[in-house]
Amino acid sequence: MKLDRTDKHILNEMQHNARISNLELADKIGLSPSPCSRRVKQLEDAGFIDRHVTLLNPDKLGLKLMAMVQVSMDRHTPERFDNFEAHITTWPEVLECYLITGQMADYLLKVIVQDMDEYQKFLLGKLTRIDGVSGVQSSFVLRKAVDKTVLPL
Numbered sequence: 001m002k003l004d005r006t007d008k009h010i011l012n013e014m015q016h017n018a019r020i021s022n023l024e025l026a027d028k029i030g031l032s033p034s035p036c037s038r039r040v041k042q043l044e045d046a047g048f049i050d051r052h053v054t055l056l057n058p059d060k061l062g063l064k065l066m067a068m069v070q071v072s073m074d075r076h077t078p079e080r081f082d083n084f085e086a087h088i089t090t091w092p093e094v095l096e097c098y099l100i101t102g103q104m105a106d107y108l109l110k111v112i113v114q115d116m117d118e119y120q121k122f123l124l125g126k127l128t129r130i131d132g133v134s135g136v137q138s139s140f141v142l143r144k145a146v147d148k149t150v151l152p153l
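In this text, residue positions in the sequence shown follow full-length UniProt numbering: the first is 1, and each later residue adds one.
Right, here's the structure in full:
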């Protein structure tokens with residue numbers, strides 16, 4: 001499926017407000033509700049819309065400490081990577097995980113917890129206990145200069 005201007009307009013509006021009603025969306029993009037609904041369904045079916053989420057305020061929830069964690073593995077085997085990823089996908093503290101190149105680390109994690117005590121529990125009680133983890137380097141976020149969820153279309 002190739003995106004046309006109307007599809008991009010729909011996706012852009014939905015990125016800014018996932019709770020927008022079909023009627024309001026149709027009005028904003030200049031379609032009647034039925035064709036608008038069909039287009040949204042096509043975009044979902046084609047995989048352009050991955051999921052609908054609600055973004056929460058971490059400060060209001062007491063999640064004040066965010067860390068970017070570089071993790072090094074002792075061996076670069078599919079089994080080691082699969083084992084590592086199987087563990088971290090179950091942990092709510094890990095918001096994002098990337099297998100990376102160009103660094104001394106193999107993975108880059110985005111982790112959020114309440115405070116330094118909770119981070120220490122996460123680091124020593126979970127992360128460093130995974131077979132194959134040979135090194136961890138943590139950097140703590142002082143401030144978010146950019147915090148976007150909207151992709152450029």
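All residues carry an ideal CB built from backbone N, CA and C; glycine is no exception.
- The beta carbon of S32 sits closer than 8 Å to those of A26, all from its chain and outside the five residues before and after it, given in chain order.
- Two segments are said to touch when three or more pairs of C-beta atoms, one from each, lie closer than 8 Å; by this definition the region 77-88 does not touch the region 140-147.
- Annotation for L153: K8, L11 and N12 place their beta carbon closer than 7 Å to its own, counting only its chain and skipping 5 residues before and after.
- A direct Cα-Cα distance of roughly 33 Å separates T54 from V133.
- Of the other Cβ atoms in all chains shown, 16 or more fall within 10 Å of the Cβ of Y107; this residue is therefore buried.
- In this chain, S34 is not harboured by any beta strand (DSSP E); it is covered by the alpha helix (DSSP H) spanning P33 to D45.
- Here V150 has Q15 and H16 as same chain residues with Cβ atoms under 7 Å from its own Cβ, once five neighbours each way along the sequence are excluded.
- DSSP, reduced to helix, strand and coil, places Q103 outside both helices and strands of the structure shown, so it counts as coil.
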